[in-house]
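A quick write-up on the structure given underneath.
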Amino acid sequence: MARDTNGAVTWRTLLNETIEVLGERPQARWICETACGLDGDEFLAELDEPATERMVAQLDAMVARYRAGEPLAYVMGHWSFRTIELMVDRRVLIPRPETEVVAGRALELARSFAERRRVVDLGTGSGAIGLSLAAELPLTNTEIWLTDFSVDAVDVARANAAGLGRAAANVRVNHGSWFEALPVDIRGEIDVVVSNPPYIAEGDPEVAESVLEYEPHSALFAGADGLDDVRAIARNAREWLRSGGWLVFEIGYQQGDAVKALLEGCGFVDVAIANDLTGRPRIAEARNP
Ligand SMILES: C[S@@+](CC[C@H](N)C(=O)[O-])C[C@H]1O[C@@H](n2cnc3c(N)ncnc32)[C@H](O)[C@@H]1O
894 MARDTNGAVT WRTLLNETIE VLGERPQARW ICETACGLDG DEFLAELDEP ATERMVAQLD
954 AMVARYRAGE PLAYVMGHWS FRTIELMVDR RVLIPRPETE VVAGRALELA RSFAERRRVV
1014 DLGTGSGAIG LSLAAELPLT NTEIWLTDFS VDAVDVARAN AAGLGRAAAN VRVNHGSWFE
1074 ALPVDIRGEI DVVVSNPPYI AEGDPEVAES VLEYEPHSAL FAGADGLDDV RAIARNAREW
1134 LRSGGWLVFE IGYQQGDAVK ALLEGCGFVD VAIANDLTGR PRIAEARNP
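Residue 1138 in this note's numbering sits at position 245 of the sequence shown, and the numbers go up by one each step.
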């Protein structure tokens, strides 16, 4: 979309051009809003105002990246998850709608601990699950730990935690592999462990091209059957959970039976596999007796 910006270009013109180029109205609107730095009604109020040269350059760059196949979340640099807005880039997985359901279940379980609640989000990536719990749980007597093995992800999660406002005071972000990232004094004292670990089998043909090209592979793959990380977490989780504490996993839609057997084999009780919004079995939960 090359144009001379000396003659002022309004956001209305830019929006119409972007819709025409992309052929996708919502995506065009979101990209324009990001370039403009305003959204919703504030963006609409700006439609007949001229864009600056710098904004036009940013818009053109974003449109080019999106047309080249880069996921919209990375192009915009931010993405909504439940009640919060997260900064995302290629250092972290793009948070998915099914993970919002996983976070919702972890939230319900955390709320069942009325007096105080300590929640751990293992493999936090952008911080999506843990930070949305921090935002939605009471400000008092809530402690949320976020961990990741990727230094890049820890940086992104910390940046997102800083944007959380008052609830950020309840959040700790630690680097390390699964439970090794946690201080030993909370061993046996955790109410809910929630994780969306890597769970795709190596070589799985169902993985979309754009996922393979743009998203971090360390967030995706976990051995021949995709369950290496689920096994690593499940085998250590009971030692870290309090008695009556819960473990919640996001899993692949074909992994329910294997994960149920694994959790029962580790001595968990009340093991259940629940569906995501599309009706596929994607959420595993289990209680430490
Ligand atoms: C599927 S992504 C989930 C990210 C985020 N929780 C979400 O739902 O969007 C898995 C995450 O686990 C992290 N991870 C992989 N191996 C790990 C390990 N050994 N210890 C801790 N985190 C690990 C990856 O870096 C990645 O951020």
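A virtual CB, placed ideally from N, CA and C, is assigned to each residue, including glycine.
Can you give me the C-alpha to C-alpha distance between residue i and residue j, rounded to a whole angstrom?
i            : j            : result
residue 1148 : residue 1064 : 31 Å
residue 1170 : residue 1024 : 21 Å
residue 982  : residue 1140 : 28 Å
residue 1181 : residue 926  : 46 Å
residue 1166 : residue 1151 : 11 Å
residue 943  : residue 952  : 13 Å
residue 1057 : residue 1089 : 21 Å
residue 1101 : residue 962  : 12 Å
residue 959  : residue 938  : 26 Å
residue 1080 : residue 1134 : 7 Å
residue 992  : residue 1036 : 20 Å
residue 1187 : residue 998  : Residue 1187 lies beyond the residue range present for the chain, which begins at 894 and ends at 1182; the question has no answer from this structure.
residue 895  : residue 954  : Residue confidence is low: residue 895 scores 48 on pLDDT, short of 50, so the model does not pin down where it sits. No coordinate-derived value is stated.
residue 1059 : residue 1072 : 26 Å
residue 995  : residue 1026 : 11 Å
residue 918  : residue 908  : 9 Å
residue 976  : residue 1029 : 8 Å
residue 1020 : residue 921  : 27 Å
residue 1224 : residue 1051 : Because the chain is modelled from 894 through 1182, residue 1224 falls outside the range shown and cannot be assessed.
residue 1177 : residue 1115 : 17 Å
residue 933  : residue 1022 : 25 Å
residue 1120 : residue 1015 : 15 Å
residue 928  : residue 904  : 10 Å
residue 906  : residue 1053 : 33 Å
residue 1078 : residue 1039 : 16 Å
residue 913  : residue 956  : 11 Å
residue 974  : residue 987  : 10 Å
residue 1045 : residue 985  : 8 Å
residue 1010 : residue 1137 : 12 Å
residue 1070 : residue 1062 : 23 Å
residue 1006 : residue 1087 : 15 Å
residue 1125 : residue 1142 : 12 Å
Who are residue i's beta bridge partners in DSSP?
i            : result
residue 1035 : 1010
residue 923  : Residue 923 is not bridged to any residue.
residue 1071 : The partner list for residue 1071 (beta bridge, DSSP) is empty, contrary to what the question assumes.
residue 943  : 903
residue 1065 : 1038
residue 1015 : 1040, 1088
residue 1083 : 1134
Please confirm whether any heavy atom of ligand 1 lies closer than 7 Å to the CB of residue i.
i            : result
residue 1127 : no
residue 1022 : yes
residue 1042 : yes
residue 1015 : yes
residue 943  : no
residue 1018 : yes
residue 972  : no
residue 1101 : no
residue 986  : yes
residue 877  : Given that the chain is displayed from residue 894 to residue 1182, the structure contains no residue 877 and the question cannot be resolved.
residue 1046 : yes
residue 1052 : no
residue 1112 : yes
residue 1136 : no
residue 953  : no
residue 1122 : yes
residue 1038 : no
residue 1025 : no
residue 1071 : yes
Just reading off the alpha helix (DSSP H) that residue i is part of, what are its end residues?
i            : result
residue 996  : 990-1004
residue 1178 : Not the alpha helix (DSSP H): residue 1178 falls in the beta strand (DSSP E), residues 1174-1180.
residue 1089 : From DSSP, residue 1089 is part of no alpha helix (DSSP H); its letter is neither H nor E.
residue 974  : No alpha helix (DSSP H) contains residue 974, which is instead part of the beta strand (DSSP E) from 971-974.
residue 1112 : Run containing residue 1112: none; DSSP gives neither H nor E here.
residue 1022 : 1021-1029
For residue i, report the span of its beta strand (DSSP E) as first-last.
i            : result
residue 978  : 977-980
residue 1137 : 1134-1143
residue 1163 : 1162-1168
I'd like to confirm something about residue i: is its beta-carbon nearer than 7 Å to some heavy atom of ligand 2, or not?
i           : result
residue 992 : Within the structure as shown, ligand 2 is missing, the only ligands being ligand 1.
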